[in-house]
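*Asks:* As you go down the protein sequences, you meet chains U and V in turn. Here my numbering is used: position 49 in the first sequence is 49, and no number is missing along the way. Here my numbering is used: position 90 in the second sequence is 388, and no number is missing along the way. No residue lacks a Cβ here, since even glycine has one placed at the ideal position from N, Cα and C. Sending over a structure as structure tokens; questions will come in a sec.
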Amino acid sequence: MDFNWGEFLQFTITGLSVGMVYALIALGFALIWKASSVANLALGQIVLISSWFTYSMLAQAGLPAYIGLPIVAIFALFLGWVIERFALRPLIAQPILSLIAVTLGIGYFLEGLITFIWPLSTAALPDLFPKEVIHIGSAVISQEYVWVIGICLLVFLALTMFFRYHRMGIAMRATADDQMAVQACGIPVTRVFSTSWMFACVVAAIGGVLISSIGSISHGLVETGLKAFSVVILGGLDSFIGAIVAGPIIGLAETYGGGYLTEHLWAGVRDVIPFVIIIIVMVIKPYGLFGEERIERI
Amino acid sequence: MSLPCGIRNYNYAQDMAILRTRTHWGLLIAILVILFTTPLYLGNYWLGVFNFIGITLIAATGLNILTGYCGQLSIGHAGFIAVGAYTSAILTTRFEMPFLVGLLCAGLMAGIIGIIFGLPSIRVKGFYLAITTIAAQFIIMWVINQWGWTGGQLGMTVPFASIGGYVFRSGPSQFYLIIGITVLCVFFAKNLVRTKVGRAFIAIRDNDLAAEVMGVNLTYYKLLAFFIGCFFAGIAGSLFAHWNITLTPEQFSFTDSILYVGIIIIGGLGTSVGPIFGVLFIRLLKEILTINVVPFLEDKLTMFPSGFASGVTPMMFGLVIVLFLILEPRGLAHRWNLFKASYRLWPFSY
């Protein structure tokens, strides 16, 4: 059997675009981790709830995309602010176990809220991108994937610029570096925290909209959010570059594995590959490719 | 105020005893008598609820040893329970082994799987370990979903528990089986943390580097904590399988794993009564919600699409977990201690 290059190219493009979305969601995680050392395990539910909200705006209320999507962004900002203000703010300087557990609780709550408001099991977003397919050789590639990759790159660029040049971005990096020193300089640390949450939710929402516009909105998006953790782990918890490099790696591993391994293994192998990667990275190099290795002292 | 007035210790055994006074003994005997006569007062529905409480309590006790005492956060506990449930189910149906063998093998199997997924705990902790256990949950559930022997998505039917020809089919008999094993497990857990092993666990939780410097073998004790915690989970899973008699992968979801973490937080991490309070609180809250609140909401709020009220229970659970972490991070066990102290000093509390 000779190698099917068309199929391979198709897997590559799909993997790259899925991986870029994972990287985007992972950025949402890294933002919060960098600013406040809180591990946000409610990421999957935030992705899901913003996808459902987009569905309400675009499909149920019938708003055009240029009005609906900004409303979604405002919703995500608000969600991030509420979570930070009412759940995380009272727990500043608590042990890491409480911080992890509180985000788990938030995730649980959001999951109930989603069932409460949108009891449907699946739904599809209206088309955001043109549907025509692109032919490259024997490969048939849906145009959406290319759009998704483009938008993800744009968001990365915007975030990088923000962190390099904007006052708040610089304040966030400073907070991540040394919280005490930043407080002494008169930077409002609580505002940095809430901004990081708001940004993280917006980034997660963008990821959610992109991935649900390729596929559909279902409870599986929570798992997508959790898979983004494999990107975080592989790239290193506090590294933006790591997320951008590791995202496509995970995405490609997932689609190649799903494409070539399913016939040799059981179905659904695609969905566990990121989790297997997590375990492997943990055993070999727990701090990831670009993560900062912390040395502990008593 | 851990003891009433006027109690003195004359030797070490007295100092270490759990039950110190006649009142302690009286209360313990009264509670055991009430517990073992429960089938006389309760109907089959509530017996079922208490059976489930017992099973959850075994699993939560295991998680409390692992997370509460040893400090290794595990968010994949439902996966380990599933390992136990399916091990026991496969052994009793496909190999026709007796129930007790299935029960024991379920515990051992879950413990071994727990050690395998606990291996990263030697190098990492905190958030990294939490992610590893989430990954463990998804990998375990994938295997169960796809493997031929487990019946996949359709699940499998399991016989009732039986010991030496006696089949635990009726509600009361199941109650005695489950509560009996639960009491044994709680007793074991209570005493485990008073031994050398328990002190090593607590040392690792409080500061693992300092513990290592003092000569605690981190690798051994962390993996031991994983083994014991997951062994309890396996026992709970086996009991669940033979009590519920149908097994499907949905019964061991990721949200259940979160709920177990919530249970021990609500009860109080690292306390022996914590899991009991937490399980009772969560399970009774669930009963109140499903019996009273959900039908009421379905009646009153007809403008929502049907099926919306099934979201109320997870919403309340999430809210309760968050509120406990913010308002009473030491859990119900701490409140219980405060109550005992004020009861002993009453009416002269100063």
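Between methionine 512(V) and alanine 501(V), what straight-line distance do the alpha-carbon atoms span, to the nearest angstrom?
*Replies:* Computed Cα separation, rounded: 9 Å.
*Asks:* Heavy atom of the ligand NAD less than 7 Å from the Cβ of leucine 88(U), yes or no?
*Replies:* The model on display carries no ligand, and the ligand NAD is accordingly not part of it.
*Asks:* Please state whether the Cβ-Cβ distance between alanine 523(V) and leucine 516(V) is less than 8 Å.
*Replies:* No, the Cβ-Cβ distance between alanine 523(V) and leucine 516(V) is not below 8 Å.
*Asks:* By a C-beta neighbour count over all protein chains shown, 10 Å radius and 16 as the cutoff for buried, is isoleucine 476(V) buried or exposed?
*Replies:* buried
*Asks:* I'd like the span of the alpha helix (DSSP H) that includes isoleucine 324(U), first residue to last.
*Replies:* Lying before the first or after the last residue shown, residue 324(U) is absent from chain U, which here runs from 1 to 298.
*Asks:* Output, in sequence order along the chain, the residues in the region 623-637 of chain V whose CB is closer than 7 Å to any CB in chain U.
*Replies:* Leu623, Ile624, Pro627
*Asks:* Roughly how many angstroms separate the alpha carbons of isoleucine 134(U) and tyrosine 256(U), rounded to a whole number?
*Replies:* 20 Å
*Asks:* Could you tell me which residues DSSP puts in a beta bridge with serine 230(U)?
*Replies:* Note: serine 230(U) sits in no beta bridge, so no partner.
*Asks:* Compare the C-beta of valine 283(U) against all C-beta atoms of chain V and say whether one is closer than 8 Å.
*Replies:* yes
*Asks:* Counting only Cβ-Cβ distances shorter than 9 Å, please list the residues of the region 105-139 of chain U near chain V, keeping chain order.
*Replies:* Gly105, Ile106, Gly107, Tyr108, Phe109, Leu110, Glu111, Gly112, Leu113, Ile114, Thr115, Phe116, Ile117, Trp118, Pro119, Leu120
*Asks:* For proline 645(V), decide whether its Cβ has a neighbour in chain U, counting only Cβ atoms nearer than 8 Å.
*Replies:* no
*Asks:* Would you mind sorting glutamine 183(U) into buried or exposed? The rule is 16 or more other CB atoms within 10 Å of its CB.
*Replies:* exposed
*Asks:* Quick one: measure Cβ to Cβ for leucine 104(U) and isoleucine 556(V), integer angstroms, because I've assumed they're closer than 8 Å.
*Replies:* 5 Å
*Asks:* At which residue ranges does the region 469-551 of chain V contain complete alpha helix (DSSP H) runs of 4 or more residues, listed in the order of the chain?
*Replies:* Complete alpha helix (DSSP H) runs here, min 4: 469-490, 494-504, 506-511, 516-542.
*Asks:* Going by the CB atoms, is the gap between phenylalanine 530(V) and isoleucine 356(V) shorter than 8 Å?
*Replies:* yes
*Asks:* Strictly under 8 Å for the Cβ-Cβ distance: is aspartate 271(U) near chain V by that measure?
*Replies:* The beta carbon of aspartate 271(U) falls within 8 Å of a beta carbon belonging to chain V, placing the residue at that interface.
*Asks:* Within 8 Å (strictly less), CB to CB, does phenylalanine 524(V) reach chain U?
*Replies:* no
*Asks:* Return no unless some Cβ of chain U is closer than 8 Å to the Cβ of tyrosine 426(V).
*Replies:* yes
*Asks:* So, helix, strand or coil for alanine 123(U), using DSSP?
*Replies:* It is a strand residue.
*Asks:* Given methionine 20(U), which residues of its chain have a CB within under 8 Å of its CB, disregarding the five upstream and five downstream residues?
*Replies:* Once the five neighbours on either side are set aside, the close Cβ partners of methionine 20(U) are Val148, Ile149, Cys152, Leu153, Gly247, Pro248, Gly251.
*Asks:* Taking Cβ positions, are alanine 433(V) and phenylalanine 29(U) nearer each other than 8 Å?
*Replies:* Against a cut-off of 8 Å, the Cβ pair of phenylalanine 29(U) and alanine 433(V) comes out as no contact.
*Asks:* With 8 Å as the threshold, decide whether the Cβ of alanine 357(V) is near any Cβ in chain U.
*Replies:* no
*Asks:* Going by CA-CA distance only, name the one from Ser419(V), Ile388(V), Phe425(V), Cys403(V) that's closest to isoleucine 100(U).
*Replies:* Cα-wise, what sits closest to isoleucine 100(U) is Phe425(V).
*Asks:* Taking serine 299(U) as the reference, which of Ile67(U), Ala65(U), Leu125(U), Asn40(U) has the closest Cα?
*Replies:* The first residue shown for chain U is 1 and the last is 298, placing residue 299(U) beyond what the model contains.
*Asks:* Could you give the distance in angstroms between the alpha-carbon of valine 189(U) and the alpha-carbon of isoleucine 388(V)?
*Replies:* 55 Å
*Asks:* Do three or more CB pairs link the region 603-619 of chain V to the region 377-394 of chain V at distances below 8 Å?
*Replies:* A contact is defined here as three or more CB-CB pairs under 8 Å, and the region 603-619 of chain V fails this definition with respect to the region 377-394 of chain V.
*Asks:* Do you know offhand how far lysine 638(V)'s Cα is from leucine 237(U)'s?
*Replies:* 45 Å
*Asks:* Output the distance between the C-alpha atoms of arginine 89(U) and methionine 180(U), rounded to the nearest integer angstrom.
*Replies:* 17 Å
*Asks:* Checking contacts by CB at 8 Å: is alanine 315(V) closer than that to chain U?
*Replies:* no
*Asks:* Give the residues of chain V in contact with isoleucine 278(U), contact being defined as C-beta atoms less than 7 Å apart.
*Replies:* Ile429, Thr430, Ala433
*Asks:* Along the region 398-427 of chain V, what residues have a CB closer than 7 Å to any CB found in chain U?
*Replies:* Leu417, Pro418, Arg421, Val422, Gly424, Phe425, Tyr426
*Asks:* Assuming glycine 235(U) and glycine 44(U) form a contact by the criterion Cβ under 8 Å, report the distance between their Cβ atoms to the nearest whole angstrom.
*Replies:* Not quite, the Cβ-Cβ distance comes to about 18 Å (not below 8 Å), so this is no contact.
*Asks:* Out of Trp634(V), Ser640(V), Leu521(V), Arg628(V), which one is the CA nearest neighbour of serine 98(U)?
*Replies:* Among Trp634(V), Ser640(V), Leu521(V), Arg628(V), the Cα nearest to that of serine 98(U) is on Arg628(V).
*Asks:* If you compare alpha carbons, which of Ser239(U), Tyr260(U), Ala61(U) is closest to asparagine 4(U)?
*Replies:* Tyr260(U)
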